[in-house]
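Q:
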Amino acid sequence: MCVDGAADMGKSSARTHGQENERRIKANNREYNAQFRYANNYIKTSKYSIVTFLPLNLLEQFQRLANFYFLCLLVLQLIPAISSLTPITTAIPLIGVLALTAVKDAYDDFQRHQNDSQVNHRRAKTLRNGRLVEEKWASVQVGDVIRLENDQFVAADILLLSSSEPNGLCYIETAELDGETNLKCRQCLLETAAMGQDDAQLGAFDGEIVCETPNNLLNKFDGTLSWRDQHFSLDNDKILLRGCVLRNTSWCYGVVVFAGKDTKLMQNSGKTKFKRTSIDRLLNFLIIGIVFFLLSMCVFCTVACGVWE
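In UniProt numbering, the protein residues as written are 1 to 309.
#1: Express the C-alpha separation of Ala204 and Gln197 in angstroms, rounding to a whole number.
#2: Using only the alpha-carbon positions, how far apart do Val133 and Asp109 sit?
#3: Looking at C-alpha atoms only, which residue of Glu309, Val299, Asp222, Val154 is the closest neighbour of Leu265?
#4: Report yes if the CB atom of Ala124 is closer than 8 Å to the CB atom of Tyr42, and no otherwise.
#5: Within 10 angstroms of its Cβ, does Gly130 collect 16 or more other Cβ (buried), or is it exposed?
#6: What does DSSP give as the partner residue(s) for Ile158 in the beta ladder?
#7: I'd like the span of the alpha helix (DSSP H) that includes Glu176, first residue to last.
#8: Using a Cβ-Cβ cut-off of 8 Å, state whether Ile43 counts as contacting chain D.
#9: Under 8 Å: do the stretch 58-72 and the stretch 95-103 share three or more Cβ pairs, one atom per stretch?
#10: Less than 8 Å between the CB atoms is what I'm expecting for Asn40 and Gln141, so what's the real figure, rounded?
#11: If you follow the beta strand (DSSP E) that Arg247 is in, where does it begin and where does it stop?
#12: Is it true that the stretch 295-309 meets the stretch 75-88, where meeting means three or more beta-carbon pairs spaced less than 8 Å apart?
#13: Note down the Cα distance separating Leu246 from Asp151, rounded to an integer number of angstroms.
#14: Please classify Gly223: is it buried, with 16 or more other beta-carbons within 10 angstroms of its beta-carbon, or exposed?
#15: Short of 8 Å in beta carbon distance, which residues of its chain neighbour Thr213, apart from the five on each side in sequence? Order them along the chain.
#16: Within the same chain, show all residues whose beta-carbon is closer than 7 Å to that of Asn219, passing over the 5 residues directly before and after it, in chain order.
#17: From what residue to what residue does the alpha helix (DSSP H) around Thr192 run?
#18: Does the beta-carbon of Thr90 have 16 or more other beta-carbons within 10 angstroms, so that it is buried, or is it exposed?
#19: Cα-Cα, which of Val291, Gly96, Val75 is closest to Thr86?
#20: Does DSSP put Arg123 in a helix, in a strand, or in coil?
#21: In the DSSP assignment, what residue or residues form a beta bridge with Ser163?
#22: Assign Arg147 to one of two classes, buried (16 or more other C-beta atoms within 10 Å of its C-beta) or exposed (fewer than that).
#23: Do you know offhand how far Leu286's Cα is from Ser117's?
#24: Assuming Leu234 and Phe221 form a contact by the criterion Cβ under 8 Å, report the distance between their Cβ atoms to the nearest whole angstrom.
#25: Thinking just about the alpha-carbon of each residue, which of Asp178, Ala193, Thr174, Leu190 is nearest to the one in Lys184?
#26: Can you tell me whether Phe300 is helix, strand or coil according to DSSP?
#27: Contact defined as beta carbons within less than 8 Å: I believe Leu190 pairs with Val257. What is the distance between those atoms, to the nearest angstrom?
#28: Any idea which residues DSSP pairs Leu169 with across the strands?
#29: Taking C-alpha atoms, which residue in Asp144, Tyr48, Ala200 lies nearest to Val255?
#30: Please list, in chain order, all residues of the same chain as Asp280 whose beta carbon is under 7 Å from its beta carbon, the five residues on each side excluded.
#31: Is residue 312 helix, strand or coil by DSSP?
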């Protein structure tokens with residue numbers, strides 16, 4: 001598995017002109033990894049905060065032409081010279097629709113906040129100075145060596161170092177990633193598998209990983225591990241992705257390569273976007289038709305009035 005004659009990757013920075021062009025990680029060395037400002041393992045899928053909810057929600061709601069149309073009518077009705085109707089006839093229905101939608105959106109986002117908090121507060125066993133300590137998932141950082149046990153979710157995208165199974169094998173379920181329920185096999189390097197579950201050896205592991213930048217390709221990983229003056233090629237079969245579940249394997253150890261928003265799971269999730277239904281599109285079309293009809297009537301009446309006079 002050793003890549004003989006592999007070119008030295010050098011000690012240049014993993015970032016060029018502020019853009020990450022490769023990822024360089026040293027295991028068990030938070031000080032070294034901190035210089036690259038990699039994402040921590042905190043995740044956020046919610047859309048709003050207490051401060052941003054009102055402006056952002058109103059902005060989204062007024063992207064619906066129906067709401068914007070009635071807002072324009074309300075503004076025009078506030079001008080007595082051009083409207084004989086009281087603004088209250090438009091204001092009450094519009095405010096009612098906006099309020100009900102805002103309550104629904106607030107509830108949905110509150111659920112997302114709760115789910116985020118639950119995930120971020122899950123516990124992970126991390127090696128610190130050769131000893132296992134429990135930390136929240138949100139506190140795990142790139143380069144940390146963590147221990148997983150059977151039926152546990154993988155806290156971040158990790159390079160498998162050792163496992164309880166012969167030849168460094170382990171089995172994972174990837175249903176949360178790709179919907180497949182059949183188990184997949186992963187295998188670590190035999191050189192690192194020899195460390196077993198010796199916390200002292202794993203805590204002293206100082207391998208350097210140079211790999212690809214964060215991306216959303218679930219079945220692809222390219223990298224190199226430099227350790228003890230040797231270079232080892234890394235591929236997808238040596239990586240456990242966040243969201244996988246360890247199955248039929250008593251324990252395994254791995255070093256965090258991607259954390260939080262940089263994990264392939266989060267890279268595929270994207271941002272929560274404002275969704276338009278087919279009814280919204282139909283209403284938008286009808287509103288545009290109504291506006292053009294009203295404008296044409298105004299132009300016709302203006303011209304007719306001028307001719308009459």
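In this text, a Cβ means the ideal position worked out from N, Cα and C, and glycines have one as well.
Since the model is a prediction, treat every value here as computed from it, not as a measurement.
A: Taking the structure as given:
#1: As a working note, residue 197 is residue 197 in the sequence shown. As a working note, residue 204 is residue 204 in the sequence shown. For Gln197 and Ala204, the distance between alpha carbons rounds to 12 Å.
#2: By one-based count along the sequence shown, residue 133 stands at place 133. By one-based count along the sequence shown, residue 109 stands at place 109. Each residue's Cα considered, the two are about 33 Å apart.
#3: What you label residue 265 is simply residue 265 of the sequence shown in a count that begins at 1. Comparing Cα positions, the closest option is Val154.
#4: Position 124 of the sequence shown, counting from 1, holds the residue named residue 124. Position 42 of the sequence shown, counting from 1, holds the residue named residue 42. No, the pair does not count as a contact, with Cβ atoms beyond the cut-off.
#5: Position 130 of the sequence shown, counted from the first residue, corresponds to residue 130. The residue in question, Gly130, is exposed, as its Cβ has fewer than 16 Cβ neighbours within 10 Å.
#6: Here residue 158 is taken as the residue at index 158 of the sequence shown, counted from 1. Note: Ile158 sits in a beta bridge opposite Leu240, Val256.
#7: Here residue 176 refers to the residue found at position 176 when the sequence shown is read from its first residue. Note, Glu176: alpha helix (DSSP H), 175-178.
#8: The chain inventory of the structure shown lacks chain D, comprising one protein chain alone.
#9: yes
#10: On the sequence shown, position 40 is the one that residue 40 refers to. On the sequence shown, position 141 is the one that residue 141 refers to. About 6 Å separates the two Cβ atoms, so the contact holds.
#11: Stepping through the sequence shown from its first residue, residue 247 is reached at position 247. Element bounds for Arg247: 245-247.
#12: no
#13: Start at 1 with the first residue of the sequence shown, and residue 246 comes out as number 246. Start at 1 with the first residue of the sequence shown, and residue 151 comes out as number 151. Looking at the two C-alpha atoms, the distance is approximately 5 Å.
#14: Within the sequence shown, numbered from 1, the residue matching residue 223 stands at position 223. So Gly223 counts as buried.
#15: One-based indexing of the sequence shown puts residue 213 at position 213. Cβ within range, chain order: Glu20, Asn21, Glu22, Arg23.
#16: Locating residue 219 in the sequence shown gives position 219, counting from the first residue. Taken in chain order, the residues that qualify are Asn236.
#17: Position 192 of the sequence shown, counted from the start, is the residue given in the question as residue 192. Looking at the DSSP string, the run of the alpha helix (DSSP H) that includes Thr192 is 190-193.
#18: Within the sequence shown, residue 90 is the residue found at index 90, counting from 1. By the 10 Å Cβ count, Thr90 comes out buried.
#19: Within the sequence shown, the letter at position 86 stands for residue 86. For Thr86, the closest C-alpha among the options Val291, Gly96, Val75 is that of Val75.
#20: Your numbering for residue 123 matches position 123 in the sequence shown. Note: Arg123 maps to strand in three-state DSSP.
#21: As a working mapping, residue 163 is identified with position 163 in the sequence shown. Looking at the DSSP assignment, Ser163 forms a beta bridge with Cys252.
#22: By 1-based counting over the sequence shown, the position of residue 147 is 147. Result: buried.
#23: Counting from 1 along the sequence shown, the entry for residue 286 is found at position 286. Counting from 1 along the sequence shown, the entry for residue 117 is found at position 117. Using only the alpha carbons, I get a separation of about 42 Å.
#24: Translated into positions along the sequence shown, residue 234 becomes position 234. Translated into positions along the sequence shown, residue 221 becomes position 221. Leu234 to Phe221, Cβ: 7 Å. Contact.
#25: The residue given as residue 184 occupies position 184 in the sequence shown. For Lys184, the nearest C-alpha among the options comes from Thr174.
#26: Within the sequence shown, numbered from 1, the residue matching residue 300 stands at position 300. In this structure, Phe300 counts as helix in the three-state DSSP scheme.
#27: The residue labelled residue 190 in the question sits at position 190 within the sequence shown. The residue labelled residue 257 in the question sits at position 257 within the sequence shown. About 19 Å separates the two Cβ atoms, so there is no contact after all.
#28: Working through the sequence shown from its first residue, we reach residue 169 at position 169. DSSP links Leu169 through a beta bridge to Gln187.
#29: For the purposes of this step, residue 255 is identified with residue 255 of the sequence shown, where counting begins at 1. Considering only alpha carbons, the answer is Asp144.
#30: Position 280 of the sequence shown, counting from 1, holds the residue named residue 280. Here the set comprises Arg64.
#31: In the structure displayed, the chain extends from 1 to 309; residue 312 sits before or after that span and is not available.
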